[in-house]
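Have a look at the structure below before the remarks.
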Amino acid sequence: MSTPLPVTDRTRFTRYRERQVTDRPALYDVLDHALVAHVAVVRGEGEQAVAAVLPVASARDGDSLLLHGSTGAGLLRAAAEGRTVTATVTVLDGLVVARTVFDSSMNYRCAVVFGVPVVVADDEKEAALRVLSEHLVPGRWDEVRRPTRRELAATLVLRLPLDEASVKVRADGPDEDEPEDRGVWAGVLPLHTAVGAPRTGDDVPAGVPVPASVPAAADRLASWTPPYR
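Using the working numbering, you'd call the opening residue of the sequence shown number 1229 and step up by one each time.
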């Protein structure tokens, strides 16, 4: 049995508390169905301090979230200096169309992770990059060459522990106390990832087939449908 997510001052909800989910598998579900995390960190000190947000490729590795970036990215370098960061991952599952604009909403699964990330060591970086690659395009790692030393040196991977996180889920229809006009349509417009046909690069010689990992990744992404009952 997995350990429930602890509720802290930073993760405790003050509104819509019924939407807070403390089951750790729910956190895994959100992180495993997203490819990008938005990482927020405060850069600078005093009056020069600025809160900045950077979207980065992400992948869960056990009880931690791997964040991929470049050693030249100032925001990630700031995150690597021992500062507390916030990583937000949101999966949008539907538009809730109510009879009023006020009551209209969205269905979503959202995870917010708080913590101090650590830099993945050089001797562990390749393994971490494989986890990231397998999350984005499973099987691609074995179809291409390994990263070179130069590429590894230019890549920064942060590991953010999942010790303090909150999960918020909405998966319902319109929430209206008393519908003003039942003759007006209301409901949910489900959203999911649509995947197009692979487009071969201009510099790829004719006759080179699309590798198995690409259509497999497309099928996997297309299967990420909203969890409606």
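Just so it is clear, CB atoms sit at the ideal spot from N, CA and C, and this is done for glycine as well.
*Could you pull the start and end residues of the beta strand (DSSP E) that S1298 belongs to?*
1292-1298
_With a threshold of 7 Å on Cβ separation, who are the neighbours of E1371 within its own chain once the five nearest residues in sequence on each side are excluded?_
P1439, S1441
*Where does the unbroken alpha helix (DSSP H) through A1355 begin, and where does it stop?*
1350-1364
*Which listed residue (V1325, G1310, L1364) has its alpha carbon closest to that of D1400*: V1325
*Out of A1425, R1240, P1418, point me to the one whose CA is closest to M1334's CA.*
P1418
_Here's the rule I'm using: 16 or more other beta-carbon atoms within 10 Å means buried, otherwise exposed. How should V1278 be labelled?_
exposed
*Are the Cβ atoms of V1264 and S1286 separated by less than 8 Å?*
yes
*Cross-strand partners of S1286 (DSSP beta bridge)*: L1295
*Can you tell me the Cα-Cα spacing of Q1248 and L1233, whole angstroms?*
11 Å
*Euclidean distance between Cα positions of P1443 and E1275*: 50 Å
_Considering only their Cβ atoms, is the gap separating A1307 from L1386 smaller than 8 Å?_
yes
*Leaving out five residues before and five after A1414 in sequence, what residues of the same chain have Cβ atoms less than 8 Å from its Cβ?*
V1325, A1326, R1327, G1401, P1402, E1404, P1407
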